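Numbering (our numbering), first residue to last: 485 to 564.
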C-alpha cells in the first residue's frame, strides 16, 4: 500500500506554492492554498474566498492528496 511521505508532501507544496486568497490558475480554475480547487466538503473554490492560515491550507492539501493516494492504491494490481 502506497502512502504519501513527508518528502512527497514537501515536493507538492513547493511545486504548487501557497496562496491564502482564491485565484484563477493557469487553466482558469479557482484555486486556493496549495493548488486546491475544491474544499474538503467537495464544494468548488470560488472568487473572493480566503483561508485562515498555512495550517488550514496544508490540511486541505492532505485531504485532496489522500483521494489520489486511495485511487492509486485501488488501481494498483501488483505489489510495489
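Virtual Cβ for every residue (Gly too), placed ideally from N, Cα, C. Fair warning: this is a prediction, and the values are worked out from it, not measured in the lab.
Taking the straight line between their C-alpha atoms, what separation do you get for residue 519 and residue 545? Straight through space, the alpha carbons of residue 545 and residue 519 are spaced by roughly 8 Å.
At which residues does the beta strand (DSSP E) containing residue 508 begin and terminate? Its beta strand (DSSP E) spans residues 503-508.
Based on DSSP bridge pairs, tell me the residues matched to residue 517. Bridge partners of residue 517: 503.
Identify whether residue 555 lies in helix, strand or coil by the three-state DSSP scheme. In the structure shown, residue 555 sits in a helix (DSSP, three-state: H, G or I).
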